[in-house]
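One structure below.
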Amino acid sequence: MLIDGTHYRSIWLADDARSVGIIDQRKLPFKVEIEYIRTYREMVAAIRDMHLRGAPLIGAAAGYGVYLACMEFAGLTSDSFDADLSRALDELDGARPTAVNLHWAIERQRSAFAVCSTLEGKVMAALETAKAIADEDVRICAALGRHGAEILEKLCAAKNGKTVQVLTHCNAGWLATVDHGTATAGIYEAARRGIPLHVWVDETRPRNQGALTSWELGQNGIANTVICDNAGGHLMHAGLVDVVIVGTDRTARNGDVANKIGTYLKALAAHDNGIPFYVALPSPTFDPDLPTGMGNIPIEERDPSEVLGVRGRIDKTR
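Numbering (this note's numbering), first residue to last: 293 to 610.
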């Protein structure tokens, strides 16, 4: 998607093919800063400390992290390479627990290695698999965009062409994927089709991912308003929301969805007010091995200090 009119993906292989570029999301929306990841441990830290975040993007990052590990270990003997690579895969897999895409990407890399007989073959397999994971995510999100746009188009027609009011939670935008986003993909595609839209953006405490959603929507010309997390129910009750669209970190076989904390309350409010509630679900986020979500999906518990601080920009006019 666009930053100041220039198209970016959220992750890419650098020109030197020895590092991976990302947009450091800790600095947004105040500063756009590109960070280059050069080792698999740097990628583990980037995932764990949320330099990048979002289930699909974490999966793509893990894929590239495996490639970086292969590059680091390429000069070792075969046995040492395999042992060190196995350890690196385990470290990447454990960087964050909830999003299934991370584990899925690691297992996909393991499968690619299983048919390789040489170190050189494993390095190339890791690179090609990482690229494939990223490119597939772009295609999947574009398809989600087409489906989402059809829903928004029908809502607009039912309102006789009036602005469709969308509410979303957390950031399931292009910053959470490789491009397009999941929940936002339909919004972007609908806007391209000329459908009038406005998005209510939950601030999503404590990490304030709503600021990322608002920033990227604004960069792409989508009208939006950031609201405090507890305002969503009021807006729904007041008739100011037509549809809720969110993303997902993991979806169980029975359809149970795990997403950012607070999503459940939005679903309850939408149900109580008769408002359609959609989850934009890319296929790698579906976990067929998980029969149900309740009690089975590992929920990440982050540092309590994240709740104690408020992040923002100082008003320099005072």
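Glycine residues also receive a C-beta, built at the ideal position from the N, C-alpha and C atoms.
Is it buried or exposed for residue i, if we count other Cβ within 10 angstroms and need 16 for buried?
i, result
"P576", "buried"
"G486", "exposed"
"N522", "exposed"
"F373", "buried"
"M586", "exposed"
"Y480", "buried"
"G375", "One point to set straight first is that residue 375 is Ala, not Gly, in the sequence displayed. Classification of A375: exposed, given that the 10 Å Cβ count is below 16."
"L459", "buried"
"A337", "exposed"
"S302", "buried"
"P348", "buried"
"S506", "buried"
"P574", "buried"
"G502", "buried"
"Y328", "exposed"
"I326", "exposed"
"F322", "exposed"
"A309", "exposed"
"R610", "Because the pLDDT of R610 is 46, which lies under 50, any placement of that residue in the model is unreliable, and the question is left without a value."
"A449", "exposed"
Does residue i come out as helix, strand or coil in the three-state DSSP assignment?
i, result
"F578", "strand"
"R610", "Legend: pLDDT at R610 = 46, less than 50; position of this residue unreliable, no value from coordinates given."
"I339", "helix"
"V456", "strand"
"N522", "helix"
"L294", "strand"
"H461", "coil"
"A544", "coil"
"L444", "helix"
"H529", "helix"
"A354", "helix"
"H472", "coil"
"I425", "helix"
"T517", "strand"
"I303", "strand"
"V599", "helix"
Which residue or residues does DSSP assign as beta-bridge partners of residue i?
i, result
"T505", "None; T505 has no bridge partner."
"F259", "Residue 259 is absent from the structure shown; the chain starts at 293 and stops at 610."
"E327", "I314"
"H439", "DSSP, once it has assigned bridges, lists no residue as partnering H439."
Quick one: give me the first and last residue of the alpha helix (DSSP H) that residue i is part of.
i, result
"F405", "392-406"
"L368", "L368 -> no alpha helix (DSSP H), and no H or E assigned at all."
"I479", "477-484"
"L344", "Run containing L344: none; DSSP gives neither H nor E here."
What is the residue span of the beta strand (DSSP E) that residue i lies within?
i, result
"L320", "Unbroken run through L320: none, as it is neither H nor E."
"L489", "489-494"
Determine, using beta-carbon pairs with one atom in the region 541-549 and one in the region 504-518, whether at least three such pairs fall under 8 angstroms. no
I'd like to know if the region 412-430 and the region 444-452 are in contact, where contact means that at least 3 CB-CB pairs between them fall below 8 angstroms. no
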